[in-house]
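Engineer:
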Amino acid sequence: MRGPVAWWNDPWRPPRVLVAVTVGYLVWSLLPVLIAVMFSFNDGKSRTTWQGFSFRWYWGDETRSVWHDATLHQALWQTLKLGVIATLITVPLGVIFAIGIDRWRGRLPSGANMLMLVSFVIPEVLLAVALLFAITSLALPIRLGTSAQVIGLITFQIAYPAVLVRARLATIGNQYEEAAMDLGASPMQALRRVTVPMLFPAIFASTVLVFADVIDNFVLVRYLSGNSSTEPVSVKIYNTARAAPTPALNALATLLLAAALLAVTVGYLVYRRMTRGDHTAGKGIAAFAGEA
Amino acid sequence: MAVTETPPQPAKVAGRTRISPLWPALAMPGIIWLLVFFLAPMYVVLAIVFGQVDPIFRTPVPVWNPLQWDPTQFTYVLSRIGPGGAYGPALIRTGVYVLIASVLCLLIAFPVAYYVARLSGRWAGILLAALIAPFWISYMMRMLAWVNLLQDDGWVNRIASMGGLFDVHVHWLTGQPVVVVLGLVYGYVPYMILPLYAGLDRLPQSTLEAARDLGANRAASFWRVTLPMCRPTIVAAVLLTCLPMLGDYFTSDMLSASPKTAMVGNLINDSVQSPGQTGQAGAFVMLVLLATVLPMFYYVRVTARADEVST
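Residue numbers (my numbering), protein chains in the order written: chain G, 272 to 563; chain P, 40 to 350.
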């Protein structure tokens, strides 16, 4: 038998403490959410006492289930709508912005780069309040509601694709593009047929990241929502969690969770397929998580 | 003279050096977007903070000319922030909460990130996926999960009373600072683990082995080799979690909803929504910006330098 001192001094002992902390952290971070998901299938009205399995809060209940309560499925619809519209605009805008400021040398593009980085790290509430003030105190053709939310989300998220694409541009360098141009391609052709295909993994990863971030957004969409018909799921949860919640709220959150997980899983599998055999792309899930 | 100035050569050299008009054209939409929807609204905030308030409708009247700016609202907020002011307690509370929460976050995140970064093989990917999972789970849903657990008849009280063995009736959701701080930790730990993992993953294993070979024990090699090498990473990770926490109001609202645990974010949120206080809210937001702008630029500089080193 070895004593505890010998165990502690053994340089090859397994890192028990680290394992314990990691496992403990995982349980602590995921178990509450799993319990919340479980109670969305509760047959009774309680969110603390298990009364049997049912889909009552998804579609069974005639008035208060997600399917029948208009305010609940409107929130889900609004979230998905914002996610799709904002992502479809943010990613192309951010990608061409990144290519532009990366290749265009000078004072103006480096200033624009700085502005983009500041918009990335600024407290979200500041941007939300600024846009709210601008929209309410100026005679702009933009109203609070979906359009204001989309504008706010794009402004807040544009740095994501821009940062990821710039990191990828730095890795691939511009020798491929120059080779293409030496071989007679115009800059536009080189961009379209050489650079953009090589950027595809970064573009795709940022699409998934932006989508997941947008449907999770709370501060911006709440300030810019205008009225209750444009409140997405996060705002709905915030408004009703402490008031009169039924497991239908858990069901709503679970549906959003399922949508996010589906998007991320499909995204990851496609991303892995795309970067197979490509050693310049980031490795595996870590690169996909946005650490550029 | 003029004839020799325009030889036909430059057309050939230009392919490399001349700026193609394509790049400005590509960058322009993004630049215009940021100017219109990012920089311009910031100026609107300034115009409202240093503007007037309509005496009847209590609506803000923005003043566009910086020469006519009136600092009344700004100094009003400043005076209430100062010692003995009405906002003082909330400011101190925010500082204490964020400090405790950040330290706890670091104590949890560092070992986890360190272990996952050292791990290799089949389990590493699965573990990393599980660690990233909280990113895809909506923040509000994670708070909702704790609201469920912490209710008066929730699982926390039930487990604490050991099935009726003890009589525990703690009202967790009414102004308990402990719950708010733990909620902040729960909410923001994932945002700290990922940057830490990214930094620790790049730590050269050989240097650590050298330290052990040269006779340093576990603690000494950690303290004198590992920690100094990952100091920039730790600073960046702490900043990335701290700054959003400073403006957080929803965690306190969801888990306590009591003025006893109100943070700066709650003050901002309350004044944005009450008429006549728009300017104050703006002033507040500006002060938060000032408090965060310095660490922000530090972060940008650190990451910029790290980029230079890594490429």
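No residue lacks a Cβ here, since even glycine has one placed at the ideal position from N, Cα and C.
1) Taking Cβ to Cβ, would you say Ala383 (chain G) is nearer than 7 Å to Ile370 (chain G)?
2) Return the Cβ separation of Trp211 (chain P) and Leu189 (chain P) in integer angstroms, given the expectation that the two are a contact with Cβ distance under 8 Å.
3) So Asn196 (chain P) is in the alpha helix (DSSP H); what residue range does that whole segment cover?
4) One question on the structure: do Gln319 (chain P) and Ser310 (chain P) come within less than 7 Å of each other, judged by their Cβ atoms?
5) In whole angstroms, give me the CA-to-CA distance for Tyr337 (chain P) and Phe310 (chain G).
6) For chain G, find out if any of its Cβ atoms is closer than 7 Å to the Cβ of Val52 (chain P); answer yes or no.
7) How about the region 313-320 of chain G and the region 511-521 of chain G: do they share at least three Cβ pairs that are nearer than 8 Å?
8) If you follow the alpha helix (DSSP H) that Ser260 (chain P) is in, where does it begin and where does it stop?
9) In the DSSP output, which residue or residues are listed as bridge partners for Pro99 (chain P)?
10) Among all the DSSP beta bridges, which residues are the ones paired with Phe324 (chain G)?
11) Kindly indicate which three-state DSSP category Gln244 (chain P) falls into: helix, strand or coil?
12) On a Cα-Cα basis, can you pick out the residue from G:Ala534, G:Thr525, G:Val535 and G:Thr546 that is closest to Asn313 (chain G)?
13) With distances taken Cα to Cα, identify the nearest neighbour of Leu183 (chain P) among G:Leu415, G:Lys507 and G:Ser457.
14) 7 Å is my cut-off, CB to CB: does Pro355 (chain P) come that close to chain G?
15) Between Gly423 (chain G) and Leu495 (chain G), is the Cβ-Cβ spacing less than 7 Å?
16) Excluding the five sequence neighbours on either side, which residues of its own chain have a C-beta within less than 8 Å of the C-beta of Val88 (chain P), listed in chain order?
17) Looking at chain G, which residues of the region 275-287 of chain P have a Cβ within less than 9 Å of any of its Cβ atoms?
18) When we look at the beta-carbon of Leu522 (chain G) and count the other beta-carbons within 10 Å, is it buried (16 or more) or exposed?
19) Kindly indicate which residue of P:Tyr227, P:Asn104 and P:Tyr126 has the alpha-carbon position closest to the one of Leu282 (chain P).
20) Ala430 (chain G) CB to nearest chain P CB: under 7 Å?
21) State the Cα-Cα distance for the pair Leu333 (chain P) and Phe289 (chain P), rounded to the nearest angstrom.
22) Interface residues of chain P around Val337 (chain G) at Cβ under 7 Å?
23) Glu395 (chain G) versus chain P: which residues are under 8 Å apart at the beta carbon?
24) Of the residues that make up the region 495-510 of chain G, which ones have a beta carbon closer than 9 Å to any beta carbon in chain P?
25) Mind checking which residues open and close the alpha helix (DSSP H) that includes Leu74 (chain P)?
26) Using a Cβ-Cβ distance under 7 Å, would Ala330 (chain P) count as near chain G?
27) Under 7 Å between the Cβ atoms of Ser260 (chain P) and Ala249 (chain P)?
28) Span of the alpha helix (DSSP H) holding Ile120 (chain P)?
29) Can you tell me which of the three DSSP states Trp375 (chain G) falls into?
30) My output table needs one value for Leu359 (chain G): the three-state DSSP class, helix, strand or coil.
31) When you compare the region 318-337 of chain G with the region 391-405 of chain G, are there three or more beta-carbon pairs, one atom per stretch, that lie closer than 8 Å?
32) Output needed for Ile413 (chain G): all residues of its chain with C-beta closer than 6 Å, excluding positions within five of it in sequence on either side, in chain order.
33) Look at the Cβ atom of Ala451 (chain G), then the Cβ atom of Ala441 (chain G), and state whether they are nearer than 7 Å.
34) At a Cβ cut of 7 Å, what residues of the region 86-119 of chain P count as close to chain G, listed as they run along the chain?
35) Any idea what DSSP makes of Val337 (chain G), helix, strand or coil?
36) By how many angstroms is the C-alpha of Leu285 (chain P) removed from the C-alpha of Ala330 (chain P)?
Structural biologist: Put simply:
1) For this step, residue 383 (chain G) is matched to residue 112 along the first sequence. For this step, residue 370 (chain G) is matched to residue 99 along the first sequence. In this structure, Ile370 (chain G) does not lie closer than 7 Å to Ala383 (chain G) by Cβ.
2) Here the question's residue 211 (chain P) lines up with position 172 in the second sequence. Here the question's residue 189 (chain P) lines up with position 150 in the second sequence. Between Leu189 (chain P) and Trp211 (chain P) the Cβ distance is about 4 Å, and since that is below 8 Å, they are a contact.
3) The residue you call residue 196 (chain P) lines up with position 157 of the second sequence. That run of the alpha helix (DSSP H) goes Trp194 to Ala199.
4) On the second sequence, residue 319 (chain P) is found 280 positions in, with the first residue counted as 1. On the second sequence, residue 310 (chain P) is found 271 positions in, with the first residue counted as 1. Yes; because the gap between Cβ atoms is below 7 Å, this pair is in contact.
5) If you number the second sequence from 1, residue 337 (chain P) lands on position 298. If you number the first sequence from 1, residue 310 (chain G) lands on position 39. When rounded, the distance between both Cα atoms is 45 Å.
6) Position 13 of the second sequence, counted from the first residue, corresponds to residue 52 (chain P). Here Val52 (chain P) scores only 43 on pLDDT, less than 50, and its place in the model should not be relied on; the value that follows carries that caveat. Not closer than 7 Å to any Cβ of chain G, the Cβ of Val52 (chain P) fails to qualify, so no.
7) yes
8) Within the second sequence, residue 260 (chain P) is the residue found at index 221, counting from 1. Taken as a continuous stretch (DSSP letters only), the alpha helix (DSSP H) holding Ser260 (chain P) covers Arg257 to Ser260.
9) For the purposes of this step, residue 99 (chain P) is taken as residue 60 along the second sequence, with counting starting at 1. Beta-bridge pairing links Pro99 (chain P) to P:Val92.
10) Taking the first sequence and counting its residues from 1, one reaches residue 324 (chain G) at position 53. Paired residues: G:Asn313.
11) Position 205 of the second sequence, counted from the first residue, corresponds to residue 244 (chain P). Helix.
12) Here residue 313 (chain G) refers to the residue found at position 42 when the first sequence is read from its first residue. When each option's Cα is compared against that of Asn313 (chain G), the closest is G:Thr525.
13) Working through the second sequence from its first residue, we reach residue 183 (chain P) at position 144. It is G:Lys507 whose Cα lies nearest to the Cα of Leu183 (chain P).
14) Nothing can be reported for residue 355 (chain P), as the shown portion of chain P is limited to 40 through 350.
15) As a first step, residue 423 (chain G) must be located in the first sequence, where it is residue number 152. As a first step, residue 495 (chain G) must be located in the first sequence, where it is residue number 224. Yes, these two residues count as a Cβ contact at 7 Å.
16) Stepping through the second sequence from its first residue, residue 88 (chain P) is reached at position 49. Once the five neighbours on either side are set aside, the close Cβ partners of Val88 (chain P) are Gln112, Phe113, Gly318, Gly321, Ala322 and Met325.
17) Leu278, Leu279, Leu282, Pro283, Leu285, Gly286 and Asp287
18) Locating residue 522 (chain G) in the first sequence gives position 251, counting from the first residue. Sequence check: residue 522 (chain G) is Ala here, not Leu. Result: buried.
19) In the second sequence, counting from the first residue as 1, residue 282 (chain P) sits at position 243. Checking every option, the nearest Cα to that of Leu282 (chain P) belongs to P:Tyr227.
20) Here residue 430 (chain G) corresponds to residue number 159 of the first sequence, with the count starting at 1. Cβ-Cβ to chain P under 7 Å: no for Ala430 (chain G).
21) Counting from 1 along the second sequence, the entry for residue 333 (chain P) is found at position 294. Counting from 1 along the second sequence, the entry for residue 289 (chain P) is found at position 250. Rounded to whole angstroms, Leu333 (chain P) to Phe289 (chain P) spans 25 Å at the Cα level.
22) If you number the first sequence from 1, residue 337 (chain G) lands on position 66. Residues of chain P passing the Cβ test: none, with the nearest at roughly 14 Å.
23) Sequence index remark: in the first sequence, residue 395 (chain G) carries index 124 (1-based). By Cβ distance, chain P contributes Pro283 and Gly286.
24) Val504, Ser505, Val506, Lys507, Ile508 and Tyr509
25) The residue given as residue 74 (chain P) occupies position 35 in the second sequence. Looking at the DSSP string, Leu74 (chain P) is not in any alpha helix (DSSP H), and its letter there is neither H nor E.
26) Here the question's residue 330 (chain P) lines up with position 291 in the second sequence. It does not: the Cβ of Ala330 (chain P) has no partner Cβ on chain G nearer than 7 Å.
27) In the second sequence, residue 260 (chain P) corresponds to position 221, counting from 1. In the second sequence, residue 249 (chain P) corresponds to position 210, counting from 1. Result no, Cβ atoms of Ser260 (chain P) and Ala249 (chain P) do not sit closer than 7 Å.
28) What you label residue 120 (chain P) is simply residue 81 of the second sequence in a count that begins at 1. It spans Thr111 to Ile120 - the alpha helix (DSSP H) in which Ile120 (chain P) sits, taken as one unbroken run.
29) For the purposes of this step, residue 375 (chain G) is taken as the residue at position 104 of the first sequence. In this structure, Trp375 (chain G) counts as coil in the three-state DSSP scheme.
30) On the first sequence, position 88 is the one that residue 359 (chain G) refers to. Helix, per DSSP.
31) no
32) Here residue 413 (chain G) is taken as the residue at index 142 of the first sequence, counted from 1. Ile406 and Ala419.
33) Here residue 451 (chain G) refers to the residue found at position 180 of the first sequence. Here residue 441 (chain G) refers to the residue found at position 170 of the first sequence. Against a cut-off of 7 Å, the Cβ pair of Ala441 (chain G) and Ala451 (chain G) comes out as no contact.
34) Ile87, Pro99 and Pro101
35) Your numbering for residue 337 (chain G) matches position 66 in the first sequence. Of the three classes helix, strand and coil, the one that applies to Val337 (chain G) here is coil, per DSSP.
36) Looking up residue 330 (chain P) in the second sequence gives position 291. Looking up residue 285 (chain P) in the second sequence gives position 246. One C-alpha to the other measures close to 10 Å.
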